[in-house]
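Undergrad: Quick one: this structure, given as structure tokens, is what I'll be asking you about.
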Amino acid sequence: MGLSMATAEQWVRRWEVQQQRYALDREDRFTVIADVVEHVTTGQPRPLVADLGCGPGSLAARLARRLPHADIVAVDIDPLLLELGRTHYATAARFVRTAMGTDGWIEELELGGPLDAVVSTTALHCLGTDALNRTYTDIAAVMRPGGVLVNSDRLRAVGGRISEITLHVGRRRDERCRLSTDEDWESWWTAAEDEPELADLLSPRSMRHPSRIPDNALTLADHVGLLRDAGFQDVAPVWQFGSDYIIVAIR
Ligand SMILES: C[S@@+](CC[C@H](N)C(=O)[O-])C[C@H]1O[C@@H](n2cnc3c(N)ncnc32)[C@H](O)[C@@H]1O
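The opening residue of the sequence shown carries number 0 in numbering that gives the first Met the number 0; numbering runs sequentially from there.
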């Protein structure tokens, strides 16, 4: 059974609510990321941008709205999320299925030119350190000098008393926003299993459950080190709340 526009819209909307639970200020973060990309691509007639771990294309779609002249390649490993994106955000991006950080993944993107920007939200923590290292290195190799990588994700707090305060600030914010009653990752996927139009697209539960996804538990300093080693010149956060960051790295 094919995926209808109406069903795709319904599941993308539900995805947005579910992801908001894990990334407070999600919409603000998308805006900040678009601000950065817009700034570094000013004057370029057709900037080339990749969204890593795009899910159903939430960030790619926002970027396409802000930068309608950009070419956006949206990258993910999950067939169901990619199909939601291809259906609901058909014109926003070219959706490509690949596993970041594995042999040949960057060639599978068929970029056709140097990248101007790479963006990612709530995804790179899924990669083990070796795969992330490989991802950063491969991206740096195909990015033009002056291009940027912009990553929004929760990072491990540094440790010690300041870390406890960082975590406390994040927890208090979570409580104030009362997001705990929203649908979570597991219940979204469980509900998707009952949707006939999604049946053919579901990968085995064991491949997508968070417990199977190693959280690399890297700190900001770890990311800065990996990005510098990969060939990025300047690396710094441009946004932070608790342990949530947007890091910008300039090639
Ligand atoms: C929490 S979701 C975030 C999706 C999207 N960026 C958003 O903010 O809605 C993490 C995404 O990373 C993808 N992912 C995890 N590991 C991956 C890998 N090795 N290669 C490609 N995508 C991956 C998952 O399939 C999932 O779509």
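Backbone N, C-alpha and C define an ideal beta-carbon position, used for all residues, glycine too. Quick caveat, the model's predicted, so the values are computed rather than measured.
#1: Where does Arg61 land, buried or exposed, given buried means 16+ other C-beta within 10 angstroms?
#2: Am I right that Ala116 and Val16 are in contact with their C-beta atoms under 8 angstroms? What's the rounded C-beta distance?
#3: Among Ala89, Thr121 and Ala130, which has the Cα closest to the Cα of Ile105?
#4: Taking a contact to mean a Cβ-Cβ separation below 7 angstroms, would you say Ala191 touches Leu197 in this structure?
#5: Quick one: any contact between the region 50-66 and the region 82-99, if contact means 3 or more CB pairs under 8 angstroms?
#6: Pairs of beta-carbons, one from the region 149-165 and one from the region 131-138, closer than 8 angstroms: are there three or more?
#7: Entirely within the region 30-84 and at least 3 residues each: give me those beta strand (DSSP E) ranges in chain order.
#8: One question on the structure: do Pro78 and Leu2 come within less than 7 angstroms of each other, judged by their Cβ atoms?
#9: Hey, how far is the Cα of Met206 from the Cα of Trp10?
#10: Applying the criterion that 16 or more other CB atoms from any shown protein chain within 10 Å of the CB defines a buried residue, is Val157 buried or exposed?
#11: Pull up the distance between the alpha-carbon of Gly112 and that of Asp152, whole angstroms please.
#12: Going by DSSP, what residues sit across from Phe240 in a beta bridge?
#13: Would you identify the three-state DSSP class for Gly100, choosing helix, strand or coil?
#14: Report the option in Ile245, Pro195 and Ala229 whose CA atom is closest to the CA atom of Leu219.
#15: Quick one: what does DSSP say Leu114 is sitting in, helix, strand or coil?
#16: Is any heavy atom of ligand 1 found at a distance shorter than 6 angstroms from the C-beta of Gly52?
#17: Please identify the residue among Ala140, Ala59, Gly145 and Ser202 whose C-alpha is closest to the C-alpha of Ser119.
#18: Tell me Asn150's beta-bridge partners as DSSP assigns them.
#19: With DSSP run on the structure shown, which of helix, strand or coil describes Val234?
#20: Determine whether the beta carbon atoms of Phe94 and Leu114 lie at a separation below 7 angstroms.
#21: Can you grab the Cα-Cα spacing for the pair Ser256 / Glu174, in whole Å?
#22: For Val95, which of helix, strand or coil comes out of DSSP?
#23: Would you call the CB atoms of Thr149 and Val35 closer than 7 angstroms?
#24: Please indicate yes or no: does the CB of Ala60 lie closer than 6 angstroms to some heavy atom of ligand 1?
TA: Answer, in terms of the structure:
#1: Result: buried.
#2: Not a contact, Cβ separation roughly 27 angstroms.
#3: Ala130
#4: Their beta carbons are under 7 angstroms apart, which means Ala191 touches Leu197 by this criterion.
#5: Output reads yes: the region 82-99 touches the region 50-66.
#6: Note that the region 149-165 does not touch the region 131-138; fewer than 3 beta-carbon pairs, one per stretch, sit closer than 8 angstroms.
#7: 47-51 and 70-75
#8: no
#9: 20 angstroms
#10: exposed
#11: Each residue's Cα considered, the two are about 27 angstroms apart.
#12: Asp243
#13: coil
#14: Ile245
#15: strand
#16: yes
#17: When only C-alpha atoms are compared, the closest one is Ala59.
#18: Asn150 pairs with Ser119 and Ile246.
#19: strand
#20: no
#21: One cannot answer for residue 256 here, as it falls past the ends of the chain, which runs 0 to 250.
#22: strand
#23: According to the sequence displayed, residue 149 carries Val and not Thr. The answer is yes: Cβ separation under 7 angstroms.
#24: no
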